[in-house]
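Chains as they are written, first to last, in the working numbering: chain A, 105 to 358; chain B, 23 to 346.
Cβ coordinates follow ideal geometry from the N, Cα and C atoms, glycine included.
Written out below as structure tokens is the structure these notes cover.
Pasting the structure below:
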């Protein structure tokens, strides 16, 4: 196996089977350091399952996940975190009865830098400022609205100071202003040198931020390329939307 | 525990309340007060210990009395059969209870919710049955200490005071440990587990070991306390040592006062124990005391799930840093 220093994540021939259902089928791709890689596909294509295999929630049925040169297939999520991976959840999972600050501190304490409580508090404020949520620091997480909870998820994962960030539909359910803000946050994260793998259904936003895009359909990787290539790939449009004209409309963001 | 947290009023309130309860018998100078406070301090020590698991990590241990029974038995056996000093026996009793929790933790802490709670009941019954049939521990008859041993502790009357101060010390220790956990990195991990265990794993909390250590910490003080209790009563038998309904009473105390707070178990233990004393001495209710505990638990879960302290915190936001 060749070890490329510039590749932070290698997914090699990964399959995940739940009983009779093959949720992810022989998926292979490399993610170069510093890039934003978009992951798209119709509902049920296996995108979130692939995330869960990468970060250790599920062990792959077959294949390997190599993160920063280490084979992490079958590791527990908390062990993968220690190598510098963090993620957000599609359905937000705030620690409801803890404050916003404590939520983010937990991310810093248990992220790969293993910070002390004292350092964690500093990092938490910094990250909350970054996502523009610091004014809510002492509120209970359950009191936030959806947009704020999404930013909290983001802050908590950033507080871990990851090398690779998995973003699972951080734009879903946000209004256009919030989407614009969040896209800006994502781009700023990349400027810090953090590699991002992002699942998104808001197409125009995804196409704008991604360096490359991969497409899953029924668990299989059906296309890989630049956003332009993907947008004009007949196979993708067919699988993803079924209607090329609708696709065009969505791409333009109307 | 960082020194910063000692600045919080919550710390001084908790420690102050326990200290006040502890020295009350000195002020009144009456043995009745001492016996009343003995029960209150016992309840505080046990409820605070249970809170480390139930309140912080969110795992309901129904059979928590097993640690009191088992640790107490081990320590009492060492006193009765091997003439160990009470203090050494107490330490070993606590450690053995901790060791039991460590082994149990590996076996049953991967269970969640009701399954874990059921497993802890099973463990209590299993250990009770084991002790009943274990000749070294006196089997179904139990163990009895020779009264002459009390001479080493200043005679039976003085022994009552000595053991009282021991329980006072354990109650203080339980509150201090509760406080230290609550404001530590470890405690933050436990509370993350309580709120969402899967999310905690993804955040990087090593959930199996965090839960196990919470379980161990919550077992040690009950184990030590068991040794003191059995020594003070001069005897123990299995049916007394492993009473499941005592376990449920601890849960009521923690829930009544407010799970997950340091102050909650204190308030809950004192309140419940006072009520219990009242009910036991009232001719009308004396047989209904447990039914009352059950009703109380039901009402708390339905109407004030965060308990007295939690309710006050939610109602008066300015009390947040005072009541923790």
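Please list the terminal residues of the continuous beta strand (DSSP E) segment that includes residue 113 (chain B).
Following the DSSP letters along the chain, one finds residue 113 (chain B) in no beta strand (DSSP E) but inside the alpha helix (DSSP H) bounded by residues 108-130.
* Roughly how many angstroms lie between the CA atoms of residue 205 (chain B) and residue 224 (chain B), to the nearest whole one? -> Roughly 22 Å between the two C-alpha positions.
* **the segment 152-185 of chain A: positions lying closer than 9 Å to chain B by Cβ** => Listed in sequence order: 159, 160, 161, 180, 181, 182, 183, 184 and 185.
(message) My parser needs the alpha helix (DSSP H) runs of 4 or more residues fully inside the segment 251-303 of chain B; what are they?
(response) Along the length of the segment 251-303 of chain B, whole alpha helix (DSSP H) runs at least 4 residues long occupy 260-263, 266-279 and 285-303, reported in chain order.
With 8 Å as the limit, tell me which residues of the segment 222-234 of chain B have their beta carbon closer than that to any beta carbon of chain A; keep them in chain order. Contacts with chain A (Cβ-Cβ distance below 8 Å) from the segment 222-234 of chain B involve 222, 223, 224, 225, 226, 227, 228 and 229, listed in chain order.
Residues of chain A with CB closer than 9 Å to the CB of residue 213 (chain B), please, in chain order.
Those are 199, 201, 202, 206 and 210, listed as they occur along chain A.
*Exposure of residue 283 (chain A), with buried meaning 16 or more beta-carbon neighbours within 10 Å*: With 16 or more other Cβ atoms within 10 Å, it is buried.
Practice problem: Please confirm if residue 219 (chain B) has its CB atom under 8 Å from at least one CB of chain A. | Solution: Output row for residue 219 (chain B): interface = no.
Tell me whether the beta-carbon of residue 97 (chain B) lies closer than 8 Å to the beta-carbon of residue 249 (chain B).
Their beta carbons are under 8 Å apart, which means residue 97 (chain B) touches residue 249 (chain B) by this criterion.
Which value, in whole angstroms, describes the spacing of the CA atoms of residue 69 (chain B) and residue 169 (chain A)? Approximately 46 Å between the Cα atoms of the pair.
Residue burial classification, residue 324 (chain B) (beta-carbon count within 10 angstroms, cutoff 16) = That one is exposed.
Checklist entry - Cβ atoms of residue 141 (chain A) and residue 314 (chain A): under 8 Å apart, would you say? => result Closer than 8 Å, so yes.
Residues of chain A with CB closer than 7 Å to the CB of residue 207 (chain B), please, in chain order. Per Cβ cutoff of 7 Å: 213, 220 and 221.
Please classify residue 285 (chain A): does DSSP put it in a helix, a strand, or coil?
Assigned with DSSP and collapsed to three states, residue 285 (chain A) falls in helix.
### Query
Considering only the beta carbon of each residue, do residue 204 (chain A) and residue 264 (chain A) sit closer than 8 Å?
No, the pair does not count as a contact, with Cβ atoms beyond the cut-off.
query = Whole alpha helix (DSSP H) runs in the segment 210-256 of chain B with 4 or more residues, listed along the chain?
reply = Taking 4 residues as the shortest admissible run, the segment 210-256 of chain B contains the following complete alpha helix (DSSP H) segments, listed from N- to C-terminal end: 219-225 and 229-255.
* Is it true that the CB of residue 299 (chain B) sits closer than 8 Å to the CB of residue 58 (chain B)? -> Going by beta carbons, residue 58 (chain B) and residue 299 (chain B) fall inside the 8 Å limit.
Item to complete: Find the nearest neighbour of residue 116 (chain A) within the set A:128, A:110, A:122 and A:123, judged by alpha-carbon distance.
Response: Of the listed residues, the one whose Cα sits closest to residue 116 (chain A) is A:128.
Members of the segment 254-265 of chain A that neighbour chain B once the beta carbon cut-off is set at 8 Å | Hits within the stretch, in order: 260 and 264.
- Message: Does any residue of chain A have a CB that is nearer than 8 Å to the CB of residue 210 (chain B)?
- Response: It does; some Cβ of chain A falls within 8 Å.
Quiz item: Do residue 256 (chain A) and residue 237 (chain A) come within 8 Å of each other at the CB atom, strictly closer than that value?
Solution: Their beta carbons are under 8 Å apart, which means residue 237 (chain A) touches residue 256 (chain A) by this criterion.
Open item on the list: Bridge partners for residue 135 (chain A) per DSSP, in chain order?
Closed with: Answer is A:113, bridged to residue 135 (chain A).
* Check whether the Cβ atoms of residue 40 (chain B) and residue 153 (chain B) sit closer than 8 Å, and answer yes or no. => Cβ atoms of residue 40 (chain B) and residue 153 (chain B): not closer than 8 Å.
Inset, instruction - Establish whether the CB of residue 191 (chain A) and some CB of chain B are separated by less than 8 Å. - result: Output row for residue 191 (chain A): interface = yes.
key: Exposure of residue 105 (chain A), with buried meaning 16 or more beta-carbon neighbours within 10 Å   = With a pLDDT of only 40 at residue 105 (chain A), under the threshold of 50, the placement of this residue in the model should not be trusted; the figure read from the coordinates follows. It counts as exposed.
Hey, could you find the ends of the beta strand (DSSP E) residue 166 (chain A) is sitting in? Residue 166 (chain A) -> beta strand (DSSP E) spans 166-171.
### Query
If we call anything under 8 Å between Cβ atoms a contact, is residue 99 (chain B) one with residue 169 (chain B)?
Contact flag unset, no.
### Message
According to DSSP, simplified to helix, strand and coil, what is residue 256 (chain A)?
### Response
Residue 256 (chain A): helix per DSSP, three-state reduction.
Which listed residue (B:279, B:319 and B:116) has its alpha carbon closest to that of residue 291 (chain B)
Nearest of B:279, B:319 and B:116 to residue 291 (chain B), Cα basis: B:279.
- Item | the segment 214-231 of chain B touching the segment 189-208 of chain A, judged by at least three CB pairs closer than 8 Å | Touching, yes.
Notebook entry, point to check: In chain order, which continuous runs of the beta strand (DSSP E) of length 3 or greater are located wholly inside the segment 130-186 of chain B?
Noted result: You should have found no qualifying run.
What's the gap between the Cα of residue 161 (chain B) and the Cα of residue 181 (chain A)? If you take the alpha carbons of residue 161 (chain B) and residue 181 (chain A), they lie about 47 Å apart.
task: Kindly indicate which residue of B:175, B:131 and B:37 has the alpha-carbon position closest to the one of residue 101 (chain B).
output: If we check each option's Cα against that of residue 101 (chain B), B:175 comes out closest.
In terms of residue numbering, what span does the beta strand (DSSP E) encompassing residue 189 (chain A) cover?
Its beta strand (DSSP E) spans residues 189-191.
**OP:** Tell me whether the beta-carbon of residue 146 (chain B) lies closer than 8 Å to the beta-carbon of residue 266 (chain B).
**Re:** Yes, the Cβ-Cβ distance between residue 146 (chain B) and residue 266 (chain B) is below 8 Å.
- residue 108 (chain A) at chain B interface by Cβ criterion, 8 Å: Any reading at residue 108 (chain A) needs caution, since the residue's pLDDT is 46, under 50, leaving its predicted position unreliable; the model's value is listed next. Output row for residue 108 (chain A): interface = no.
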